[in-house]
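A.B. asks:
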Amino acid sequence: MIIISSMMEVSMKITYLGQMCYLIEAGSLKLVTDPYLSSSVDRPDSPRKYPPPMTLSDIMPDAILISHPHGDHLDKTSLIPFYRMRRRSFTLVPAPSADTIREIGGEAVEMSAPEPAKLGESWRLGNVTVTAMPCAHTELHRDEDGCYRELSYLIEAEGKKIFFGGDMSMYDGLLEAIAAISPDVMLLPVNGRDWFRTSQNIIGNLDSNEAAELAARSGTKLFIPGHHDLYDFNGCPDEWIEFSANKFGAPLRILKPGETAEV
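In this note's numbering, the protein residues as written are 16 to 278.
Next up, the structure:
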């Protein structure tokens, strides 16, 4: 475990910024997940539906959490201008993508988790602890060294637990592992997957039913969806998310871009 200590009281706020990008504020510390704050993966026939609510340079995060190397999660267009400011910030990233972060000027913290459905390496900044867990983006993927290419993260501060899924699908043992953690908040993708998108090399995620059932069966107090409203070709209507949450009894809150929830 890497520890950087400071003493401070911690309150938690979560602001939705689009796709799987969330600003998580714990006291004076700011963490940003999967910052896609550009238009770098736009299609000519399907641009993003709303502009980025803010940039990394606006936020000035203390840490950035990257779940995997796809362009709407590890977005060089969003990261490079911030790294050029030379403000110290740590980028937590699956070990196979650490060199990519270093090549564009970031200070990479290599994260790993050796066993499926088990918590792995932890990192601490002040009163905030971030722990990695292997993530299946349709399937579990390892590199030649056995390190998982995709990770989810458990973020803990002041007795609260936030589970950030990144791009994820279910796999054996994951439900039980998350239920044992009993996260207070779950940030989960809901855009789903299908043959048509897969044929266009759009790798899918949980759909709204799977995400809602996972949230309900994990005992979370708050389920905030992501990856649903930015692109018409790869989203999920609010009505579907609400239907799924009602079906499984998940404690849903859909945040609009730039909207904040206090937890």
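From the three backbone atoms N, C-alpha and C, an ideal C-beta is built for every residue, glycine too.
In this structure, does DSSP put residue 64 in helix, strand or coil?
C.D. replies: Coil, per DSSP.
A.B. asks: Taking the DSSP output, what are the residues bridged to residue 262?
C.D. replies: Its beta-bridge partners do not exist; DSSP assigns none.
A.B. asks: Give the range of the beta strand (DSSP E) segment to which residue 32 is assigned.
C.D. replies: Unbroken beta strand (DSSP E) run through residue 32: 27 to 33.
A.B. asks: At which residues does the alpha helix (DSSP H) containing residue 191 begin and terminate?
C.D. replies: That run of the alpha helix (DSSP H) goes 189 to 196.
A.B. asks: Closer than 8 Å, CB to CB, is residue 193 near chain C or not?
C.D. replies: Any reference to chain C falls outside this structure, which holds one protein chain only.
A.B. asks: To the nearest angstrom, how far is the alpha carbon of residue 249 from that of residue 199?
C.D. replies: Roughly 27 Å separates the two Cα atoms.
A.B. asks: Enumerated in chain order, which unbroken segments of the beta strand (DSSP E) with a length of 3 residues or greater are wholly contained in the region 39 to 112?
C.D. replies: Those beta strand (DSSP E) runs which fall completely within the region 39 to 112 and span 3+ residues are 44 to 48, 78 to 80, 105 to 109.
A.B. asks: State buried or exposed for residue 222, treating a residue as buried only when at least 16 other CB atoms are found within 10 Å of its CB.
C.D. replies: Looking at its Cβ environment, which holds 16 or more other Cβ atoms inside 10 Å, residue 222 is buried.
A.B. asks: For residue 74 and residue 104, I'd like the C-alpha separation in whole angstroms.
C.D. replies: Each residue's Cα considered, the two are about 12 Å apart.
A.B. asks: Between which two residues does the alpha helix (DSSP H) carrying residue 225 extend?
C.D. replies: Run containing residue 225: 223 to 233, per the alpha helix (DSSP H) assignment.
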